[in-house]
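A.B. asks: First the structure, which I've put down as structure tokens, then a few questions once you've had a look.
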Amino acid sequence: MILLEDTRNQISKHKMKNSWFKENGIEVHRTKLYVGDYTLPANQKICVDTKENIGEIVNNICGKSHERFRNELVRAQKAEIQLYILVENEDGISRLEDVKNWHNPRLDIYVRDTSNLLGYYKNGRPRFGKKRKYPMATKGITLFKAMRTMQEKYGARFIFCHPNEAGEKVIELLGDRYGEAVSD
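Take the sequence shown: its position 63, counted from the start at 1, is 62 in numbering that gives the first Met the number 0, and no numbers get skipped.
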């Protein structure tokens, strides 16, 4: 089986997937793809775009990469390409509904709040309270709503897996060894 991988995909970030492909006799050819990271030469109407973790998809949907990501979804939709967004994660998220309960670790980062004087230490130094460093960090429910909206509006599908399952999941989404696409 031959798998096409986008040349913009950084090889060093996909070692586990590439190792799985090699172990399972899948030949990976690197070429520039119209959308996504992976597709099959025989059926380029199905593509998989992989995300390293939840943080990457947060940046794509709610961060600085939003416009680029949305443009890719629009390109796929206009070209009638079924685009799967495969989000690798170790957070136990296995389906879109689980994203509602995802806790953004950035919400747990605190810094000293110099505007909140709590008192003084015995040595006379001031003691300050703490405040969240990123109080506006994306929450799970917000991310879920944005992903669901993008799924409905652009037809892309968000799929989740553990990083060590990603290689197999890419092949499953593109179609099994007999060329049949996966049904949802």
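Ideal placement from N, C-alpha and C gives every residue a C-beta, glycine not left out.
According to the Cβ coordinates, are leucine 39 and glycine 154 closer than 8 Å?
C.D. replies: For leucine 39 and glycine 154, no; Cβs fall outside 8 Å.
A.B. asks: Enumerate, from N- to C-terminal direction, the unbroken alpha helix (DSSP H) stretches of 4 or more residues contained entirely within the stretch 98 to 159.
C.D. replies: Runs of the alpha helix (DSSP H) inside the stretch 98 to 159: 139 to 153.
A.B. asks: Can you tell me where the beta strand (DSSP E) with lysine 50 in it begins and where it stops?
C.D. replies: Here the beta strand (DSSP E) through lysine 50 covers 42 to 50.
A.B. asks: Where do the ends of the alpha helix (DSSP H) carrying isoleucine 84 lie?
C.D. replies: Where isoleucine 84 is concerned, there is no enclosing alpha helix (DSSP H), although the beta strand (DSSP E) it sits in stretches over 81 to 87.
A.B. asks: With DSSP as the reference, please indicate the residues paired to leucine 172 in a beta bridge.
C.D. replies: According to DSSP, which records beta bridges pairwise, leucine 172 is partnered with nothing at all.
A.B. asks: With distances taken Cα to Cα, identify the nearest neighbour of leucine 172 among Lys44, Ala78, Gly118.
C.D. replies: That would be Lys44, whose Cα lies nearest to the Cα of leucine 172.
A.B. asks: Look up arginine 69 in the DSSP assignment and say whether it is helix, strand or coil.
C.D. replies: Three-state result, arginine 69: helix.
A.B. asks: Which residues bound the beta strand (DSSP E) around glutamate 26?
C.D. replies: Per DSSP, glutamate 26 belongs to the beta strand (DSSP E) from 26 to 30.
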